[in-house]
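Below: the structure, in structure tokens.
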Amino acid sequence: LDEYYVEGIQTNLSFFKTILRYPDFLEGRLDTGLIDRLLSWEQHIEELSGAPASHLSREALEAGRLKAAALAAALFATGQQRVRQQNGQPATAPDSRWKLEGRRHLLRQWPLERK
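Going by our numbering, the first residue of the sequence shown is number 1238, and it counts up by one from there.
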């Protein structure tokens, strides 16, 4: 995650970095209760915002909840990949030709840097 650089939009990379340090995550306690613990755990909200939770605006607290929902979606997707692998299916669906062509188009737009 430290290798990402995103410009122009707000990301939730700092939230995911915090999740990677979260004891329940590190110990593999990944269940639906994880999201509830995150939502009610002011300590993590403070770490994400850099301010005491009592000083955060309603918008900042809502942003924390949205980040927790994003984590839930990521955990769900990871679980789905494991189920597919256990059933002998590919872990991920192959990329569509539309997506691949879109990526190629974007890559052709950027000039190569020569050193």
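Cβ coordinates follow ideal geometry from the N, Cα and C atoms, glycine included.
Three-way DSSP call (helix, strand, coil) for residue i in this model
i, result
"THR1315", "helix"
"ASP1273", "helix"
"ARG1266", "coil"
"VAL1243", "coil"
"GLY1325", "coil"
Option in the options with minimal Cα separation from residue i
i, options, result
"ALA1311", "GLY1325, ARG1334, GLU1240, PHE1262", "PHE1262"
"LEU1303", "ASP1273, ARG1334, ARG1340", "ASP1273"
"PHE1253", "ALA1306, ARG1340, ARG1341", "ALA1306"
"GLY1265", "GLY1301, GLY1316, ALA1300, GLY1245", "GLY1316"
"THR1248", "GLY1270, LEU1267, GLY1301, LEU1271", "GLY1301"
"ASP1268", "GLU1244, GLY1245, VAL1243, PHE1313", "PHE1313"
Start-to-end residues for the alpha helix (DSSP H) that takes in residue i
i, result
"ASP1261", "1260-1263"
Proximity below 8 Å, CB of residue i to CB of residue j
i, j, result
"LEU1308", "ILE1256", "yes"
"TYR1259", "LEU1250", "no"
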